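In the UniProt record's numbering, the protein residues as written are 1 to 195.
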């Protein structure tokens, strides 16, 4: 006679096993805490920077992989709609403000902004002086591009947030770009203990 190979658990043990399996399943589906990127928000911790991303966009960096322009990566300084297309995209750069007397002078310098200026708006971002520029020029392979750029002065640095698209597509993307720039938050410097 064949032995029955099934295991019978008492109801308390069975409930503990079910709870444990449910917990493992939730962890597997959610990922590990701390490694998960906040969906729809671009964060760069070393700059104290955060910004809402357009729907479906990813944060990452440029890549030289064949057939790809960008790679999704938490903490990256770029955001993009498609990993394989060059435009549209956004970027965040940290520039030195040393030697400049005003943000207006900085932004007006051809080394900081080159292209045709279409509009210039003075703003405040998280209590920091800022200037928003809309301009057009030429991008990769001399394609006509148009962009929105937000320069935020934070002490001896300028955080530059830029969004660019092909010129003919700008009208389609402008509301998304503007919504992102309006969502920019920059934290104050953290005091270093003992200073």
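Quick reminder that beta carbons are idealized off the backbone N, C-alpha and C, glycines included. Computed from a predicted structure; not experimentally measured.
Per DSSP, what kind of secondary structure is residue i in: helix, strand or coil?
i: residue 141; result: helix
i: residue 177; result: helix
i: residue 188; result: coil
i: residue 7; result: In this prediction, residue 7 has a pLDDT of 49, which is less than 50 and means its spatial position is unreliable; what the coordinates show is noted afterwards. If DSSP states are grouped into helix, strand and coil, residue 7 belongs with coil.
May I have the straight-line CA-CA distance separating residue i from residue j, to the nearest angstrom?
i: residue 145; j: residue 85; result: 14 Å
i: residue 129; j: residue 72; result: 31 Å
i: residue 166; j: residue 142; result: 11 Å
i: residue 80; j: residue 98; result: 30 Å
i: residue 182; j: residue 55; result: 15 Å
i: residue 132; j: residue 175; result: 14 Å
i: residue 152; j: residue 51; result: 13 Å
i: residue 162; j: residue 177; result: 9 Å
i: residue 110; j: residue 40; result: 33 Å
i: residue 75; j: residue 138; result: 28 Å
i: residue 223; j: residue 69; result: Examination of residue 223 is not possible in this model, given that the chain is present from 1 through 195 alone.
i: residue 45; j: residue 67; result: 30 Å
i: residue 87; j: residue 53; result: 15 Å
i: residue 126; j: residue 112; result: 22 Å
i: residue 150; j: residue 159; result: 8 Å
i: residue 120; j: residue 135; result: 9 Å
i: residue 92; j: residue 82; result: 17 Å
i: residue 108; j: residue 114; result: 9 Å
Tell me the residue span of the beta strand (DSSP E) that contains residue i.
i: residue 162; result: 157-166
Given 8 Å, three or more beta-carbon pairs between the stretch 155-172 and the stretch 60-68: The stretch 155-172 vs the stretch 60-68: no contact.
Of all the beta strand (DSSP E) runs that stay within the bounds of the stretch 39-119, which reach a length of 3 or more residues? 41-44, 49-52, 58-62, 70-72, 78-80 and 89-96
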